Amino acid sequence: MNMCKTLSFLFLSIIALSCKNGKPSENQRDNVPLVFEERIFNMESSTCKTDSTRCASVEITYPVATQGNPEAMSAINDTIMKYIRQSVGIFAESPEDVPASLEDAAAGFIGEYEAFMASEPEFVTSWAIETNGKMLYQSPKVVSIEIATYSYAGGAHPNTYVSLLNFDATTGTKFDLSDLVTDINKLTALAESKFREARELSSTADLSEEGYFWGEGFALPANVAVTNEGLYFYYNPYEAAAYALGPTDFVISYEELKGIWKER
0 MNMCKTLSFL FLSIIALSCK NGKPSENQRD NVPLVFEERI FNMESSTCKT
50 DSTRCASVEI TYPVATQGNP EAMSAINDTI MKYIRQSVGI FAESPEDVPA
100 SLEDAAAGFI GEYEAFMASE PEFVTSWAIE TNGKMLYQSP KVVSIEIATY
150 SYAGGAHPNT YVSLLNFDAT TGTKFDLSDL VTDINKLTAL AESKFREARE
200 LSSTADLSEE GYFWGEGFAL PANVAVTNEG LYFYYNPYEA AAYALGPTDF
250 VISYEELKGI WKER
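FYI, the numbering for the sequence shown is 0 to 263, going by numbering that gives the first Met the number 0.
Dropping the structure here:
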């Protein structure tokens, strides 16, 4: 009788241990590193198959978190998709007016093209949006994503725009610059020096007279990202200068950031 009780106890213990080992705890799930996979989305007007000179197309590549802390995954994926949809919804009057799905945003762009071509049937032109999202940096604490967009929908020239996103890898919260450095004023001084170097300007050159910042003085860009080399700064066309001067970018190394960099 005692032998039967002992065997039953051992059997139940083995089952309990197997269940415990087979299903990770909530803390274990939260500590799983984020894993990203690439997604591709394409849509084009019906005219593309018969006439490539009268064609509207949308081509999107972007990263999606598929493993890791569910809260962080959801927050990061939602933010990336918001930026992706905005890159396609170029005819929306405001970000709030961009359709809630990528499919609807792309269909809206193609619909605008088809309406334009119906009103101007003799016009020969193609429209396109190409957006490429990719991972710039990943650590247990930080994930940095770049979303680069090229778009042409008539006009004198195409438009290009880069968005840089930094996330807390444990929560999915989007970092501000103040979350990464302790002294914005010192960072601004470092960035101005790097900007002048990138644009081959002397330390005494008047930025406004050289065609930069429209008399408002030096300013940090809207887009900064964490990378292996340091903080990457990117000024989109029109942000610091006229379109003809193009974008400006540079890196401030972690050695140069010593004393103000919040270790990540």
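Think of the CB as a built atom: it goes at the ideal place given N, C-alpha and C, for glycine as much as any other residue. Predicted model, so just to flag it, every value in this text is computed and none were measured.
Nearest neighbour of residue i, chosen from the options [CA to CA]
i: residue 187; options: 125, 200, 251; result: 251
i: residue 58; options: 236, 87, 196, 157; result: 87
i: residue 135; options: 239, 38, 228, 260; result: 228
i: residue 39; options: 173, 244, 130; result: 130
i: residue 34; options: 240, 133, 63; result: 63
i: residue 242; options: 202, 212, 133; result: 212
i: residue 225; options: 210, 177, 206; result: 177
i: residue 210; options: 95, 240, 223, 200; result: 240
i: residue 128; options: 263, 206, 44; result: 44
i: residue 245; options: 256, 158, 50, 68; result: 158
i: residue 68; options: 95, 51, 204, 168; result: 168
i: residue 263; options: 205, 137, 203, 52; result: 137
i: residue 183; options: 42, 223, 37, 36; result: 223
Beta-carbon contacts of residue i that lie in its chain and below 6 Å, excluding the five residues immediately before and after
i: residue 90; result: 111
i: residue 148; result: 86, 130, 160
i: residue 249; result: 193, 197, 232
i: residue 207; result: 214
i: residue 116; result: none
i: residue 185; result: 259
i: residue 55; result: 44, 109, 112, 126
Nearest-angstrom beta carbon gap, residue j and residue i [assumed within contact, 8 Å]
i: residue 75; j: residue 142; result: 7 Å
i: residue 120; j: residue 32; result: Not confirmed; about 54 Å, so no contact.
i: residue 181; j: residue 259; result: 5 Å
i: residue 247; j: residue 198; result: 6 Å
i: residue 61; j: residue 132; result: 4 Å
i: residue 48; j: residue 179; result: Actually they are not in contact, since the Cβ atoms of residue 48 and residue 179 sit about 47 Å apart, beyond 8 Å.
Enclosing beta strand (DSSP E) for residue i [first to last residue]
i: residue 62; result: 55-66
i: residue 247; result: 247-252
i: residue 131; result: 126-137
i: residue 39; result: 34-43
i: residue 167; result: 158-167
i: residue 122; result: Premise fails: residue 122 is in no beta strand (DSSP E) and is neither H nor E.
i: residue 222; result: 222-225
i: residue 232; result: 229-234
i: residue 148; result: 141-151
Boundaries (first-last residue) of the alpha helix (DSSP H) holding residue i
i: residue 188; result: 183-197
i: residue 108; result: 101-118
i: residue 78; result: 69-87
Same chain, Cβ closer than 7 Å to residue i, five either side skipped, listed in chain order
i: residue 70; result: 170, 171
i: residue 97; result: 84, 85, 88, 91, 104
i: residue 107; result: 88, 90, 98
i: residue 52; result: 123, 125
i: residue 253; result: 229, 260
i: residue 94; result: 85
i: residue 200; result: 209
i: residue 46; result: 53, 54
Same chain, Cβ closer than 8 Å to residue i, five either side skipped, listed in chain order
i: residue 101; result: 40, 59, 80, 83, 84, 87
i: residue 72; result: 33, 64, 65, 66, 171
i: residue 166; result: 71, 74, 75, 78, 141, 142, 143, 144, 172, 173, 174
i: residue 26; result: Model confidence at residue 26 stands at a pLDDT of 49, short of 50, so the residue's coordinates are unreliable; what they give is reported in the following sentence. Answer for residue 26: no residue qualifies.
i: residue 255; result: 189, 229
i: residue 37; result: 60, 61, 62, 63
Item checked: contact_flag[the region 148-156, the region 121-130] where n(CB pairs < 8 Å) is 3 or more -> yes
Check: Touching or not, the region 220-237 and the region 158-171, by the rule of three or more beta carbon pairs under 8 Å?
Finding: yes
Checklist line | Cβ contact check for the region 217-226 and the region 178-193: 3 or more pairs under 8 Å | finding: yes
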